[in-house]
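This report concerns only the one structure given below.
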Amino acid sequence: MSRAESLTVRAPSPLWTFGLLRSELVTTFRRWRTLALLGVLAAVPVLVGVAVRIETKGGAPSGRGGDGGGPAFIAQITNNGLFLVFTALAATLPFFLPMAVGVIAGDAVAGEANSGTLRYLLVAPAGRTRLLLTKYVTTIAFCLVATLVVAVSALAVGALLFPLGDLTTISGTQISFADGLGRALLMALVVTGSLTGLAALGLFVSTLTNSGIAAMATTVGLLITVQILDQIPQLHAVQPYLFSHYWLSFADLMREPVYWDDLVKNLELQALYAAVFGSAAWARFTARDITA
Amino acid sequence: MAPYESDDSTNAGEADDLRSGRRKAARYVVPVAVVGVAAATIGLVPALADSGDPSLPKITAQQLIEKIAKSDVQELSGTVKVSTDLGLPNLGGLESGLLSGAAKGRDGSSADPTSKLTELASGTHTLRVAADGQDRQKVSLIESAAEYSLIHNGKDVWGYDSKSNEVYHGTADQAGGKKHKDEVPATPKDFADQALKAADDTTSVTVDGTAQIAGRDAYRLVLKPKHASGTTVGVISIAVDAKTGMPLKFTLTPAGGGAAVVDAGFTQVSFARPAASTFDFTPPKGAKVTEEKDKAGKGGERSHRTAPSQKDLGKSGAPKVIGKGWNSIAVIDSGAKGGIPSSSGKGNLSGFIGSLGDHVSGKFGKGTVFSTRLINALITDDGKVYVGAVTKDALVKAADAGR
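Chain order of the listed sequences is A and B. Counting with the numbering used here, you get residues 32 to 323 for the letters of the first sequence. Counting with the numbering used here, you get residues 20 to 422 for the letters of the second sequence.
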């Protein structure tokens with residue numbers, strides 16, 4: 032890193048931002064905590080795949096699988112391993128993925144404050160806005176990596192345990208395997224997008240406190256609260272504004288033609304959450320006294 | 020945004036403190052403003068998008084009805100939103116369980132169209148429809164992360180339930196794709212056809228201005244029962260596409276006021292030919308396929324299961340009909356003494372169902388009235404069933420007269 036240079040230059044060069052971002056990314060992804068979270072996420076598809084495999088080993092596919100519930104698409108896994116990707120995303124999106132994101136986002140600023148490194152970060156002429164942006168981008172990068180870890184692990188398990196090939200969309204039409212893979216990638220991106228709102232919320236919470244644990248717990252607590260509120264039918268008037276309300280809309284990508292309405296609503300809502308809580312985090316972080 | 024100078028407030032005086040405190044507070048204006056803009060957008064955009072009713076050349080009700088009759092839309096695709104609010108008691112998931120449970124039987128498949136489309140009888144649903152000529156139609160019921168599709172392609176009728184991965188297969192000349200579609204009206208056109216069939220000299224039909232439905236200019240046709248004393252039907256409004264004459268939206272408001280009982284309308288429609296692959300269906304590997312069996316024995320049962328909204332609209336079939344137009348009442352002699360609806364079948368349910376009705380008595384004897392916001396049914400203790408889109412009093416009167 033160009034430390035000598037940055038000491039002399041008062042207004043940091045744009046390249047400095049990338050240097051900061053790179054060091055942030057390396058720090059975040061080298062943490063044992065991050066690796067453990069990714070490991071847990073990678074294990075979920077393995078679990079689902081093995082469970083479905085054992086369940087259907089007798090030859091008879093569990094035709095009634097869809098009646099009782101279970102994650103979306105689970106009935107189709109035995110016919111096509113690619114569906115394990117969709118199932119795994121549907122299974123991890125309500126809780127595992129956002130929990131991991133909550134941990135990373137909550138830790139972003141408060142964790143630095145907690146360990147007493149925040150003021151040193153600010154002594155280097157990063158600027159608070161820039162540091163905050165870097166933290167947010169790092170969190171989004173984690174969202175993407177976490178989603179891809181789930182998807183890739185699911186694809187590997189699906190390919191190992193189940194046949195692959197042309198697949199039937201939920202609308203009953205057939206698409207080629209390549210098309211299916213493309214849709215799986217698109218789904219992963221949409222799922223990443225679905226987490227950006229929560230990431231901003233977590234970052235805001237993180238600027239409020241000096242305790243990393245408190246910020247993580249608050250973010251994950253908020254997540255659980257919102258998920259519960261989204262289940263109460265009497266609250267249907269506010270539910271469209273809860274960040275998790277349209278999360279499962281990524282499954283609409285498996286319709287033919289794709290049903291965009293809810294997907295677009297989801298991304299709009301995430302953008303709104305990112306804007307509101309991102310700017311709130313900025314207002315808080317640039318105005319507060321850094322004591323740790 | 021310039022990087023914040025973190026050292027500018029360390030040695031500030033009191034006045035500076037105050038000023039910087041104010042400046043700090045001012046930053047919170049940004050998130051508040053974002054919330055405000057978002058709220059305003061959510062509130063205002065639908066109002067702004069509603070650019071007023073389009074101006075279209077004048078047309079008489081007669082001409083409009085002819086336009087609908089002549090309408091020959093063969094190719095279309097679109098999204099339909101159907102809301103039905105019959106005012107059935109809210110049983111949570113129970114009523115759908117009862118409906119599909121009754122329909123499914125032991126060997127039934129969840130992909131059987133009769134069991135699936137009865138779900139439309141309550142709540143709000145999104146459907147996608149596509150059609151390409153007489154031989155190829157598709158209706159899909161959009162569910163959360165799943166879909167139920169009914170595909171008619173040539174002589175095949177396929178039902179595919181993606182949630183349970185079950186397939187139902189029938190043939191068109193045996194069962195008739197049309198017939199499947201007729202069982203439960205889903206699109207605005209189906210509803211409008213039923214309503215217009217029922218419209219006779221007891222109905223006042225007028226054209227009431229224009230509307231914009233799914234981005235298309237439409238005339239609004241209003242059907243009103245002339246003698247509104249007996250019937251529960253208030254107003255039926257049908258929005259008819261000005262170019263093609265296809266009904267785009269159907270709304271039935273009960274005489275008692277309140278929300279519409281049936282509200283079915285396109286939210287998006289296109290009259291281009293849908294891709295041919297839309298109608299191709301091959302059962303996925305490993306899916307459980309149920310072939311249609313000879314349903315002769317089940318025919319009677321099926322008529323009970325159809326959505327009640329259909330019965331009132333002049334399509335009573337075999338039962339005797341008293342009255343005329345909107346006041347008509349179907350009389351079914353079930354022959355079962357005891358006054359509990361034979362159609363509900365299951366013995367352990369009869370007590371429960373009986374408790375949902377009101378007990379009435381009159382010259383005809385005693386009976387139970389089951390009411391929804393549209394359809395009322397009187398089941399007398401001697402086993403006669405009077406059903407119609409009429410008020411409770413009209414049912415009792417009919418029963419009295421029937422004696």
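Even glycine gets a Cβ: it sits at the ideal position worked out from N, Cα and C.
Spell out whether any CB of chain A is found under 7 angstroms from the CB atom of residue i.
i, result
"Phe-300 (chain B)", "yes"
"Asn-172 (chain B)", "no"
"Arg-46 (chain B)", "yes"
"Leu-50 (chain B)", "A small correction: the amino acid at residue 50 (chain B) is Pro; Leu does not occupy that position in the sequence shown. Chain A, which has a Cβ nearer than 7 angstroms to the Cβ of Pro-50 (chain B), makes this yes."
"Lys-100 (chain B)", "no"
"Ala-233 (chain B)", "no"
"Pro-303 (chain B)", "yes"
"Val-281 (chain B)", "no"
"Val-176 (chain B)", "no"
Within the same chain, show all residues whose beta-carbon is closer than 6 angstroms to that of residue i, passing over the 5 residues directly before and after it, in chain order.
i, result
"Val-186 (chain B)", "Ala-130, Tyr-179, Pro-302, Ala-306 and Val-308"
"Thr-204 (chain A)", "Glu-287"
"Phe-173 (chain A)", "Ile-135"
"Tyr-167 (chain A)", "Leu-234"
Check whether the Cβ atoms of residue i and residue j lie closer than 7 angstroms to each other.
i, j, result
"Arg-155 (chain B)", "Phe-383 (chain B)", "no"
"Pro-76 (chain A)", "Val-188 (chain A)", "yes"
"Ala-291 (chain B)", "Ala-261 (chain B)", "no"
"Ala-218 (chain B)", "Ile-341 (chain B)", "no"
"Pro-50 (chain B)", "Ala-311 (chain A)", "yes"
"Gln-301 (chain A)", "Gly-233 (chain A)", "no"
"Gly-137 (chain A)", "Ser-242 (chain A)", "no"
"Asp-293 (chain A)", "His-276 (chain A)", "no"
"Ser-181 (chain B)", "Ile-201 (chain A)", "yes"
"Val-259 (chain B)", "Leu-83 (chain B)", "yes"
"Thr-165 (chain A)", "Leu-52 (chain A)", "yes"
"Arg-38 (chain B)", "Ala-314 (chain A)", "no"
"Phe-308 (chain A)", "Phe-235 (chain A)", "yes"
"Val-280 (chain B)", "Leu-139 (chain B)", "no"
"Leu-279 (chain A)", "Ala-165 (chain B)", "no"
To which residues of the same chain is residue i closer than 7 angstroms at the C-beta, ignoring the five residues directly before and after it?
i, result
"Val-409 (chain B)", "Gly-249, Thr-250, Thr-251, Asn-346, Ile-348 and Asn-395"
"Tyr-304 (chain A)", "Gly-228, Ala-231, Leu-232 and Phe-274"
"Lys-208 (chain B)", "Met-265 and Pro-266"
"Thr-240 (chain A)", "Ala-141 and Ala-246"
"Phe-18 (chain A)", "With chain A represented from 32 up to 323, any question about residue 18 (chain A) goes unanswered, as that position is not in the structure."
"Ile-232 (chain B)", "Ala-258, Leu-267, Lys-268, Gly-284 and Phe-285"
Using beta carbons (cut-off 7 angstroms, strictly below), is residue i in contact with chain B?
i, result
"Gly-233 (chain A)", "no"
"Gln-107 (chain A)", "yes"
"Val-222 (chain A)", "no"
"Gly-80 (chain A)", "no"
"Thr-204 (chain A)", "yes"
"Ile-263 (chain A)", "no"
"Ala-230 (chain A)", "no"
"Ser-275 (chain A)", "no"
"Thr-178 (chain A)", "no"
"Ile-85 (chain A)", "no"
"Ala-139 (chain A)", "no"
"Leu-303 (chain A)", "yes"
Quick one: measure Cβ to Cβ for residue i and residue j, integer angstroms, because I've assumed they're closer than 8 angstroms.
i, j, result
"Leu-273 (chain A)", "Ala-219 (chain A)", "That pair is no contact at about 23 angstroms."
"Thr-160 (chain A)", "Ala-230 (chain A)", "Going by Cβ atoms, the distance from Thr-160 (chain A) to Ala-230 (chain A) rounds to 17 angstroms, so no, they are not a contact pair."
"Val-132 (chain A)", "Leu-186 (chain A)", "Not really, about 21 angstroms apart at Cβ, beyond 8 angstroms."
"Pro-125 (chain A)", "Gln-258 (chain A)", "6 angstroms"
"Gly-421 (chain B)", "Asp-352 (chain B)", "With 8 angstroms as the limit, Gly-421 (chain B) and Asp-352 (chain B) do not qualify as a contact, their Cβ atoms being about 10 angstroms apart."
What number of angstroms, rounded off, separates the C-alpha of residue i from the C-alpha of residue j?
i, j, result
"Ile-87 (chain B)", "Lys-157 (chain B)", "22 angstroms"
"Gly-386 (chain B)", "Val-350 (chain B)", "14 angstroms"
"Ile-321 (chain A)", "Val-54 (chain B)", "27 angstroms"
"Gly-277 (chain B)", "Asp-227 (chain B)", "20 angstroms"
"Ala-191 (chain B)", "Ala-274 (chain B)", "39 angstroms"
"Ser-133 (chain B)", "Thr-143 (chain B)", "Looking at the sequence itself, residue 133 (chain B) is Thr, so the reference to Ser does not match. Their Cα atoms are separated by approximately 18 angstroms."
"Ser-289 (chain B)", "Phe-49 (chain A)", "48 angstroms"
"Gly-376 (chain B)", "Ala-283 (chain B)", "28 angstroms"
"Lys-343 (chain B)", "Ser-223 (chain B)", "14 angstroms"
"Ala-122 (chain A)", "Gly-224 (chain A)", "17 angstroms"
"Ile-161 (chain B)", "Met-285 (chain A)", "12 angstroms"
"Leu-75 (chain B)", "Arg-235 (chain B)", "12 angstroms"
"Gly-106 (chain B)", "Leu-198 (chain A)", "41 angstroms"
"Ser-184 (chain A)", "Ala-66 (chain B)", "47 angstroms"
"Trp-177 (chain B)", "Ser-159 (chain B)", "11 angstroms"
Using a Cβ-Cβ cutoff of less than 8 angstroms, which residues in the same chain neighbour residue i once the five nearest sequence positions on both sides are dropped?
i, result
"Gly-152 (chain B)", "Gln-93 and Glu-94"
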